[in-house]
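Below: the structure, in structure tokens.
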């Protein structure tokens, strides 16, 4: 049992094992963005109950309950701000809000962030923490994967801009199968659970137990699916170093004014 | 002629005959297997197939032909006699190659492409599967058969009763299939005899050539790719292939592709763009494969790469959901200019069973989940996710696969004609716009500040920064 105060001081990292526990989006943005430079985007964009979905509780009520409990309107915060003097466009997902599930609002906010970054030629940083697509929105939430990938195509392939994705605990399902794994550089936090199909689904399919440590960041690193594993305390510095490296290319001069 | 094992017949619905006449099958004695191949007129009628269906152990999914010439009728009669003489053996052996060891001279006439296809008709007629909601129909059919047998045995005339029952059967069938509930449509979409991707292909193409491999160590059987012609125009075909029986399903991994399948699909799509083939994709999968090997080799990454790249392909793409559309596994080949769905197919973000287990905490709530998630074709057209619903014949596609394929062909060609008028840049813009508009958000309503207390508020100086301006 970690004492919360010490844990927060340590940026929610266990001292003994280096396990990175999950973190609020606010706690991520706060230290990474230079003071007095943050401009949030689409603060009031929230999901609509497009299917009139009702399981044990109606989707609308679930949304309102999550909003009250977490103090967030949706599972992602997007905006622009300076980080070590470089203007970047970060989007930070939050697992607390309905398990970080990706619905229409998350899809729309991230797409708009990418479109804004394309327009202003900013580097994009998306911090992923999600349980997958939001089932209460059905196939509409599935199409958000395609929508975000389409915006990323224009951003990365046509405009040749830099996109860094940071995979945190946990990143699963639709997010892994869309923008999570499309970063020009994919950074993961230590011991983050990164998967497409969850452990339980695999065990049911195969009828056997999944080995320990199977879908953790270290295992994916060994299999060549990630670029870097970076401890939380170094993320800010690493991001600005990467931005510098990419902006100092001699061959293609980009028209970016940082 | 001494054939010792079951002759396997491959017929293409609309293969052009080189001589212009339906030529009789050639028989070549090749030791253990005898081969016959028909090349038929594109417009020939059902004569050949229906007559062959009379002989046991041949099952064709209605590869039909129009009018037959007298010569071909004579050929069929000769063939039938020969078939009745042959010794039948259950089709269990897997030949190494799909062509005979020894070719006869007639084999070399016409197109060689059918010899390269390993997809042959099933030798044994599959057992009829009745869905739960079809049980009343089964009862009436049993009664009809009983009366017919009695009539045969006693010689009395029961035609009135039979006609009456037949009329009742037709009415009930029309009523049942006219108003299927989502749960019933899901069961039709998962029907074991629903036509698979290759069956549709062989019904709609004139020529078909399957291409294999991801050039990186694997040829995933769950995704089938190839090139073919429809009405003389060449297309690239990519689709999930389910098995027609248990053995095939195991080989095809139940149409659940691994990352290699998606990489194979991507290679084919790039190849198609390079050479100018429009792409037709067919979705029929319960989902991407969830296994250790798949995860280790980057299942998520393969799908993500496909999603991104498909938005940059400068050729028209039409996706049709012919069975189940399982979440990311379906979307991996489903980013398109036009999305079509067969009437009884479904497209879901999570299978109803999984959704029920998570949200209702019991797998028994799967019917409720099916209704709530709005996964059927008509519901998705209303949500503006799908562009058109392709009608299936009465009784579902499994009842009359050929008609279902023809409906599909007509819809695809109609949409393709419109898409071929666009230049590549407009095509890409149109594809992007199609997906950009999907999503239901609420904005402009000032939220309660309590709901935003954990959001980082704006703290940039008002005069220093440019405010975000979305054009």
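Residue numbers (UniProt numbering), protein chains in the order written: chain A, 1 to 258; chain B, 1 to 471. Cβ coordinates follow ideal geometry from the N, Cα and C atoms, glycine included.
### Task
Tell me whether residue 178/A is buried or exposed, calling it buried when 16 or more other Cβ atoms sit within 10 Å of its Cβ.
buried
### Message
Quick test of your reading: residue 92/A and residue 28/A, contact by CB under 8 Å. State the CB separation rounded to the nearest angstrom.
### Response
5 Å
#### Entry: Separation of residue 184/A from residue 231/A, as counted between CA atoms
19 Å
### Query
Is the shortest distance between the beta-carbon of residue 28/B and the beta-carbons of chain A less than 9 Å?
With a pLDDT of 35 at residue 28/B, under the threshold of 50, the modelled position of that residue is not reliable, and no figure is offered here.
#### Entry: Runs of alpha helix (DSSP H) lying entirely within the stretch 102-187 of chain A, each at least 4 residues, in chain order
Counting only runs of at least 4 residues, the stretch 102-187 of chain A fully encloses the following alpha helix (DSSP H) elements, listed from N- to C-terminal order: 104-120, 138-152.
### Task
Mind checking the stretch 49-66 of chain A against chain B and listing, in chain order, the residues whose C-beta falls within less than 9 Å of any C-beta there?
49, 50, 51, 52, 53, 54, 55, 56, 64
### Task
State the start and end residues of the unbroken alpha helix (DSSP H) segment that holds residue 79/A.
That residue, residue 79/A, is in no alpha helix (DSSP H); its beta strand (DSSP E) goes 76-83.
### Task
Output, in chain order, the set of chain A residues within a Cβ distance shorter than 9 Å of residue 458/B.
38, 39, 40, 43, 79
### Query
What do you get for residue 157/A, buried or exposed, if any count of 16 or more other CB atoms within 10 angstroms of its CB means buried?
exposed
#### Entry: Exposure label - residue 306/B; buried when at least 16 CB within 10 Å
buried
### Task
For the stretch 388-435 of chain B, list the beta strand (DSSP E) runs that are entirely contained and at least 3 residues long, ordered along the chain.
388-390
#### Entry: Backbone CA spacing between residue 448/B and residue 33/A [nearest angstrom]
25 Å
### Query
Which chain B residues sit within Cβ distance under 9 Å of residue 178/A?
300, 303, 304, 307, 308, 328, 331
### Task
Tell me where the alpha helix (DSSP H) around residue 338/B begins and ends.
Taken as a continuous stretch (DSSP letters only), residue 338/B belongs to no alpha helix (DSSP H), being part of the beta strand (DSSP E) at 338-342.
### Task
Would you mind listing the beta strand (DSSP E) stretches within the stretch 272-359 of chain B that are 3+ residues and don't spill past its ends, in chain order?
279-285, 317-326, 338-342, 346-348
### Message
Alpha carbons only, please: which of 413/B, 123/B, 244/B is nearest the one belonging to residue 197/B?
### Response
Answer by Cα proximity: 244/B.
### Message
Quick check: is the beta carbon of residue 208/B nearer than 9 Å to any beta carbon in chain A?
### Response
no
### Query
By the 10 Å Cβ neighbour count, where 16 or more other Cβ atoms means buried, how is residue 24/A classified, buried or exposed?
By the 10 Å Cβ count, residue 24/A comes out buried.
### Query
Whose C-alpha, out of 226/B, 372/B, 405/B, 148/B, is nearest the C-alpha of residue 238/B?
226/B
### Task
Spell out the partners DSSP gives residue 234/B in its beta bridges.
229/B
### Task
Compare the C-alpha of residue 202/B against each of 178/B, 408/B, 395/B, 184/B and name the closest.
408/B
### Best match in 122/A, 219/A, 165/A, 145/A for proximity to residue 133/A [C-alpha to C-alpha]
145/A
### Message
Please list the terminal residues of the continuous beta strand (DSSP E) segment that includes residue 207/B.
### Response
Start and end: 207-211.
### Query
Where residue 370/B and residue 352/B are concerned, what is the direct C-alpha to C-alpha distance, given to the nearest angstrom?
5 Å
### Task
Could you confirm whether any beta carbon from chain A is found closer than 9 Å to the beta carbon of residue 375/B?
yes
### Query
Would a check of beta-carbon distances place residue 242/A closer than 9 Å to chain B?
Chain B contact via Cβ: absent.
### Message
Quick check: what's the CA-CA separation for residue 332/B versus residue 139/A?
### Response
14 Å
### Query
What are the start and end residues of the beta strand (DSSP E) that includes residue 89/A?
Where residue 89/A is concerned, the enclosing beta strand (DSSP E) starts and stops at 86-93.
### Query
Name the chain B residues whose beta carbon is nearer than 7 Å to that of residue 24/A?
What residue 24/A touches in chain B: 454.
### Message
Which same chain residues end up closer than 8 Å to residue 221/B when comparing Cβ atoms and leaving out the 5 residues on each side of it in sequence?
### Response
241, 251, 252, 253
### Task
Tell me where the alpha helix (DSSP H) around residue 176/B begins and ends.
For residue 176/B, the enclosing alpha helix (DSSP H) starts and ends at 159-178.
### Query
In chain B, which residues lie with their C-beta within 7 Å of the C-beta of residue 143/A?
385, 435, 438
### Query
For a contact meaning CB atoms closer than 8 Å, what does residue 270/B contact in chain A?
Within chain A, no residue comes near residue 270/B; the closest Cβ sits about 13 Å away, beyond 8 Å.
#### Entry: Interface flag, residue 267/B vs chain A, CB-CB below 9 Å
no
### Query
What residues from chain B crowd round residue 181/A, counting only those whose CB sits closer than 7 Å?
300, 301, 304
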